[in-house]
Ligand SMILES: [Zn+2]
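Residue numbers (this note's numbering): 113 to 520.
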């Protein structure tokens, strides 16, 4: 479709637009609002953006008309947390964990070894396979971290590969201390904040740190974030995944966009998330795959925190790329309503990436949208594990699936 052409999508049984009134403010079509949905709706795409939404009966004319026969249309998913630059796999580790043997640190280092040894072509092929898998499942924007290289050239290589396919590239040199620095973790932090950052910052938008016992403590994490910010990067943090700790506090003090995991939170942590713009990004694929208690989404939402959902797709603790699966977990296991979970996977992810052009279908938003083979968003949780993404548009282009209604 050329930019001059317009497409009318009509016969939409439910259009989830996320352009409802935000709490404490007026609706603003230039950024996501609260969850909002309209039945018997239509939407016009022009120039790669949403040009009009409203009742199907009042839809304007367009160059092309697509009738979706009562099915639901949603914003594309924004997966704000993924580790896709890696080689190898860890299915044996997963099987052992499910058999009841305890999770042992060191799994990440197995992936580091395989990643360092892999040629660019193998890393690129794996990355693109996973990105294509995400797109087919409705993810139109995803974040991608480094963190399995942990040398200057390997981290820079991972970020360059990620930058080939997404603008949301995150420098995670501070994922874990590599074995060659086991006796000198402070020396590794100096490397992450110095020469490695210099090599990585040009390809990255974000800096991240795994703030946890056994990884990086509060002072080290704060130093990594400050160095990244001084190099022009924006902060996000792996926080409070394995136990209570300083991660959320570090994220709030650094003005991070997001604190990710948030599985073990004190009341002070919840207050910090509710009283600052830091998004609480919950990653229920991890708790599912590690057989751990799920994050307390209800507690965060009731306190007023902004909650996002993401996959944390990685070969160790959560090897799913499916946002619909995360939505189903959030509804079934974390007390979120279907509306809250879908908002968190779309507008919430956009907030966690500080993007206003995605995560909603207000006029002017990028035309990233999903057609479900179902009449409403509820089906994402109501029919878990069922492929229901019929078609995906990215910037107005149909990039996956078909609009043909197989059920008709
Ligand atoms: Zn992660």
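Glycine included, C-beta positions come from ideal geometry on N, C-alpha and C.
Asked, Found
"Taking Cβ positions, are residue 258 and residue 270 nearer each other than 8 Å?", "yes"
"At a threshold of 7 Å, does residue 426 count as lining ligand 1 (C-beta to nearest heavy atom)?", "yes"
"Kindly indicate which three-state DSSP category residue 277 falls into: helix, strand or coil?", "coil"
"Please return the same chain residues whose Cβ sits closer than 8 Å to the Cβ of residue 172, not counting the five positions on each side in sequence.", "120, 156, 164"
"Looking at residue 420 and residue 456, is the spacing between their C-beta atoms short of 8 Å?", "yes"
"Leaving out five residues before and five after residue 516 in sequence, what residues of the same chain have Cβ atoms less than 8 Å from its Cβ?", "none"
"When the distance is taken between beta carbons, is residue 288 closer than 8 Å to residue 254?", "no"
"Between which two residues does the beta strand (DSSP E) carrying residue 439 extend?", "Counting along the chain, residue 439 falls outside any beta strand (DSSP E), though it belongs to the alpha helix (DSSP H) covering 435-445."
"What are the start and end residues of the alpha helix (DSSP H) that includes residue 461?", "461-464"
"Where does residue 293 sit, in a helix, a strand or coil, going by DSSP?", "helix"
"The alpha helix (DSSP H) that contains residue 397, what's its start and end?", "396-402"
"With H, G and I counted as helix, E and B as strand and the rest as coil, what does DSSP make of residue 470?", "coil"
"Let's see if you can read the secondary structure: which residues bound the alpha helix (DSSP H) around residue 246?", "232-248"
"What is the DSSP secondary structure of residue 355, counted as helix, strand or coil?", "coil"
"Using only CA atoms, which one of 197, 327, 206, 276 lies nearest to residue 238?", "197"
"Taking residue 480 as the reference, give the member of 500, 504, 495 with the closest Cα.", "504"
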